[in-house]
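**Student:**
Numbering (our numbering), first residue to last: 456 to 823.
(1) Can you tell me whether DSSP reads residue 557 as helix, strand or coil?
(2) From the DSSP output, read off the bridge partner residues of residue 809.
(3) What is the DSSP secondary structure of residue 683, reduced to helix, strand or coil?
(4) When the distance is taken between beta carbons, is residue 796 closer than 8 Å to residue 788?
(5) Ignore the nearest five residues each way along the sequence and tell me which others in residue 497's own chain have a CB closer than 7 Å to its CB.
(6) State yes or no: is the beta carbon of residue 665 nearer than 8 Å to at least one beta carbon in chain B?
(7) Looking at the structure shown, is residue 794 part of a helix, part of a strand, or coil, going by DSSP?
(8) Can you give me the Cβ contacts of residue 659 inside the same chain, cut-off strictly under 6 Å, excluding the 5 residues immediately before and after it?
(9) Of the choices 461, 522, 467 and 647, whose alpha-carbon is the least far from that of residue 486?
(10) In terms of alpha-carbon separation, which member of 792, 807, 779 and 665 lies closest to residue 818?
(11) With a CB to CB cut of under 7 Å and the five nearest residues on each side skipped, what residues in its chain are close to residue 480?
(12) Whose C-alpha, out of 560, 473, 629 and 530, is nearest the C-alpha of residue 491?
(13) Figure out for me which residue from 746, 742, 732 and 748 has the closest Cα to the Cα of residue 757.
(14) What are the residues that DSSP puts in a beta bridge with residue 576?
(15) Cβ atoms of residue 601 and residue 679: under 8 Å apart, would you say?
(16) Contact check, residue 611 vs residue 573 under 8 Å by CB: the rounded distance?
(17) Are residue 451 and residue 504 close, meaning C-beta to C-beta below 8 Å?
(18) Which residue spans inside the region 758 to 788 form an unbroken beta strand (DSSP E) run of at least 3?
(19) With DSSP run on the structure shown, which of helix, strand or coil describes residue 612?
(20) Tell me which residues share the same chain as residue 736 and place their Cβ nearer than 7 Å to its Cβ, disregarding the 5 neighbours each side in the sequence.
(21) Going by DSSP, which residues form a beta bridge with residue 462?
(22) If residue 791 and residue 734 are in contact, beta carbons under 8 Å, what's the gap, nearest whole angstrom?
(23) According to DSSP, is residue 803 part of a helix, a strand, or is it coil?
(24) Determine contact between the region 556 to 565 and the region 578 to 588, defined as no fewer than three beta-carbon pairs at a distance below 8 Å.
(25) Quick one: Cα of residue 694 to Cα of residue 741, how far?
(26) Figure out for me which residue from 650, 730, 669 and 781 has the closest Cα to the Cα of residue 555.
(27) With a threshold of 6 Å on Cβ separation, who are the neighbours of residue 607 within its own chain once the five nearest residues in sequence on each side are excluded?
(28) So is residue 533 buried or exposed if we call it buried at 16+ other beta carbons inside 10 Å?
(29) For a test of the three-state rule: what should DSSP assign to residue 643, helix, strand or coil?
(30) Shortest alpha-carbon distance to residue 623 belongs to which of 603, 676 and 702?
Dropping the structure here:
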């Protein structure tokens, strides 16, 4: 079973634009993104930064007009199943969350966004999705996480009591693989930047990551968790899962709160496949700048960010299976210049996205 995550930058600056772009089969960025997915052919893929459109119209348009059509000689990929749901980005809070004396701006939404659903996400699957068992955590309040990092000296009491933790949403989407279930745990935490000395985004990023770390432990530490349907608790012990998404956190470099992504990478139930690519190592060396001072192995980078002055290329996209799913292989689709597919990643302005598709192959034990 191949599970992938891909921040495809299929976000637009106004509501409805993505659906218009995907309603015909000739949007070049969408064609390129579909080609990347077809080359890697995941069984399940989370697409981050895919604007939410109620009713799944955009998700279906991308599937029918792009993924189901062979791009540049590639074999079409068929996803009979998909999952999409509302997110917090662009949903106005009615509060002055950035303390600028005004309300209604993109920073005053529960998650940064110009309109409701901007920077949303969608899961495509070759396997059936157990829709009646999906859990979402869009409305979970930050203050309800014990020992949280919420900066109470920055937010008013009224704001702190209402703040939602998830900047998009957290989804537990069970996928039926034969007679077994694998939980796809999807999220896209806020970047730990674009704030001030209070580090409100860095702190929120840390706790958005911690949410999954707590969720998969399966013990009393999960009792605080509640989903949007009012059900409490985390994932039962023994369940199989893959955590996917752009988590905007590198193990060593960038602006992350100390140890943020380590909450997952060092979790006793999580396996880090440590995927690499030739293109990431080459880009770091060629681009220089902030990359020269990085501690992390540049071959593990998954995003091509600004190098002068900061942050440089980082590892921020993850596909992390549970340890009870035997690891077969893993990788990052970032070909070096001259290698097949390198024209799909490229340099700024990118033909697809500044992020790269990350995949992991696991064996589902006992599948029939």
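Using N, Cα and C, we set each Cβ at its ideal position, and we do this for glycine too.
**Tutor:** In terms of the structure at hand:
(1) Per DSSP, reduced to three states, the secondary structure at residue 557 is coil, with no helix or strand assignment.
(2) The secondary-structure analysis by DSSP pairs residue 809 with nothing; it has no beta-bridge partner.
(3) Residue state, collapsed to three classes: coil.
(4) The criterion of a C-beta distance shorter than 8 Å is satisfied by residue 788 and residue 796.
(5) These residues qualify, in order along the chain: 457, 458, 459 and 814.
(6) Going by chain labels, chain B is absent from the structure shown, which holds only one protein chain.
(7) Residue state, collapsed to three classes: coil.
(8) Setting aside the 5 residues that flank it on each side, residue 659 is surrounded in the same chain by 645, each with a C-beta closer than 6 Å to its C-beta; the list follows chain order.
(9) Of the candidates 461, 522, 467 and 647, 522 places its Cα closest to the Cα of residue 486.
(10) Distance check between residue 818 and each of 792, 807, 779 and 665 places 779 closest, using alpha-carbon atoms only.
(11) Once the five neighbours on either side are set aside, the close Cβ partners of residue 480 are 520, 521 and 524.
(12) Considering only alpha carbons, the answer is 530.
(13) When each option's Cα is compared against that of residue 757, the closest is 732.
(14) Residue 576 is bridged to 503.
(15) Their beta carbons are under 8 Å apart, which means residue 679 touches residue 601 by this criterion.
(16) That pair is no contact at about 26 Å.
(17) For residue 451 there is no data in the structure shown, the boundaries of the chain being 456 and 823.
(18) Within the region 758 to 788, the complete beta strand (DSSP E) segments of 3 residues or longer fall at 772 to 776 and 782 to 787, listed in chain order.
(19) It is helical.
(20) 753 and 754.
(21) Answer is 503, bridged to residue 462.
(22) Correct: roughly 5 Å between the Cβ atoms.
(23) DSSP places residue 803 in coil when its eight states are reduced to three.
(24) Because the criterion of three Cβ pairs below 8 Å is not met, the region 556 to 565 and the region 578 to 588 do not touch.
(25) Each residue's alpha carbon lies about 43 Å from the other.
(26) That would be 650, whose Cα lies nearest to the Cα of residue 555.
(27) So the qualifying residues of the chain are 615.
(28) Around the beta carbon of residue 533, fewer than 16 other beta carbons sit within 10 angstroms, so the residue counts as exposed.
(29) In the displayed model, residue 643 falls within coil according to three-state DSSP, outside both helix and strand.
(30) The residue with the shortest Cα to Cα distance from residue 623 is 702.
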